[in-house]
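Undergrad: So the protein lines, in turn, are chains U and E. Reading the first sequence from the start, the letters are residues 93 to 189 in this note's numbering. Reading the second sequence from the start, the letters are residues 93 to 189 in this note's numbering. Input: one structure, supplied below.
There are 2 protein chains.
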Amino acid sequence: MAEDVFKALADPTRRRILDELVQRDGQTLFEICARLVAGRGPGLSRQAISQHLAVLESAGLVTTRRQGRYKFHDVNTEPLERIVTRWLRPDAPESTP
Amino acid sequence: MAEDVFKALADPTRRRILDELVQRDGQTLFEICARLVAGRGPGLSRQAISQHLAVLESAGLVTTRRQGRYKFHDVNTEPLERIVTRWLRPDAPESTP
DNA sequence: TTGATAGGCAAGTGTTCACTTGCCTATCGT
DNA sequence: ACGATAGGCAAGTGAACACTTGCCTATCAA
């Protein structure tokens, strides 16, 4: 639902996670943890990030694939494209002269 | 800030208000109240909607102009265009062959 | 098999948020 | 001036949310 997408984007940490995954797709939880803590200082536990990833996944913004004991996370920008055309003109922002 | 834009969009009522204002720009608080209650049934007080409008305004998504005892509200989609290009490719979604 | 790595589940806590309630100010019509 | 209309301010309430804490499961290397 669009509802979940907006709620998922409401949190700054989740937006940072999306930033991370756009930079490098297919990261594991621990990789994301390390990179987020490195770029922001501590204050973020592994469980917190895990819960954020769950929110992003249930919003359809992140897909996961298990492989052994690893779980890789990939971004899916498709929900984003759909929610913005809600208020923006579907095309041609300067088509009306 | 982008922070405020995302938080403003997180609430379904505020998104409905944006829908209303996109349909008909320059409405007053009472007009928005009437139309929202008409389309959704009660459960929304005037003050609630007023507070939502304040959030949208401080996020830059709505601008206001006073005129006598009326206060008209207009949408401003500019903040929307900026926040989405954060994760979407700025242009050409299929430019990489 | 043992230990270490990668991740998950669930109850508890504190803060933020949406909404209400009650009253107050300002503008317009008569 | 009076009442009615349009809107604002601020304290209080209940629910949602982010985050922690503690423990548990599964996979891999030795």
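Glycine is no exception: its CB is placed at the ideal position from the N, C-alpha and C atoms. Predicted model, so just to flag it, every value in this text is computed and none were measured.
Quick one: Cα of residue 97/E to Cα of residue 157/E, how far?
TA: 20 Å
Undergrad: For my contact list, residue 173/E and residue 180/U are in at a C-beta cut-off of 8 Å; report their separation, rounded to the angstrom.
TA: 6 Å
Undergrad: If we count Cβ pairs, one from each stretch, closer than 8 Å, do we get three or more for the stretch 129-140 of chain E versus the stretch 160-172 of chain E?
TA: no
Undergrad: Given a threshold of 16 other Cβ atoms within 10 Å of its Cβ, counted over all protein chains shown, does residue 186/U qualify as buried or as exposed?
TA: Because residue 186/U carries a pLDDT of 42, less than 50, the predicted location of this residue cannot be relied on, and the following value inherits that uncertainty. Residue 186/U comes out exposed.
Undergrad: Is it right to say residue 107/U is buried, meaning 16 or more other beta carbons lie within 10 angstroms of its own, or is it exposed?
TA: buried
Undergrad: Taking the beta carbon of residue 100/E as the centre, do at least 16 other beta carbons fall within 10 Å, making it buried, or is it exposed?
TA: buried
Undergrad: Please name the residue in 95/U, 93/U and 152/U whose C-alpha comes closest to that of residue 110/U.
TA: Taking only the C-alpha atoms, the option nearest residue 110/U is 152/U.
Undergrad: Counting only runs of 3+ residues fully inside the stretch 134-165 of chain U, write out the beta strand (DSSP E) ranges in chain order.
TA: 154-159
Undergrad: With DSSP as the reference, please indicate the residues paired to residue 119/U in a beta bridge.
TA: 165/U
Undergrad: So, with DSSP's three-state summary, where would you put residue 96/U?
TA: Helix at residue 96/U.
Undergrad: Can you confirm whether residue 169/U, when its beta carbon is compared against all beta carbons of chain E, has any partner nearer than 8 Å?
TA: yes
Undergrad: Do residue 137/U and residue 121/U have their beta-carbon atoms positioned less than 8 Å apart in this structure?
TA: Contact: no.
Undergrad: Using a Cβ cut-off of 8 Å, pull out every chain U residue sitting near residue 172/E, in sequence order please.
TA: 176, 179 and 180
Undergrad: DSSP three-state call for residue 178/U: helix, strand or coil?
TA: coil
Undergrad: Taking its Cβ as the centre, do 16 or more other Cβ atoms sit within 10 Å of residue 119/U, making it buried, or is it exposed?
TA: buried
Undergrad: Counting only Cβ pairs nearer than 7 Å, list the residues of chain U close to residue 102/E.
TA: 98, 99 and 102
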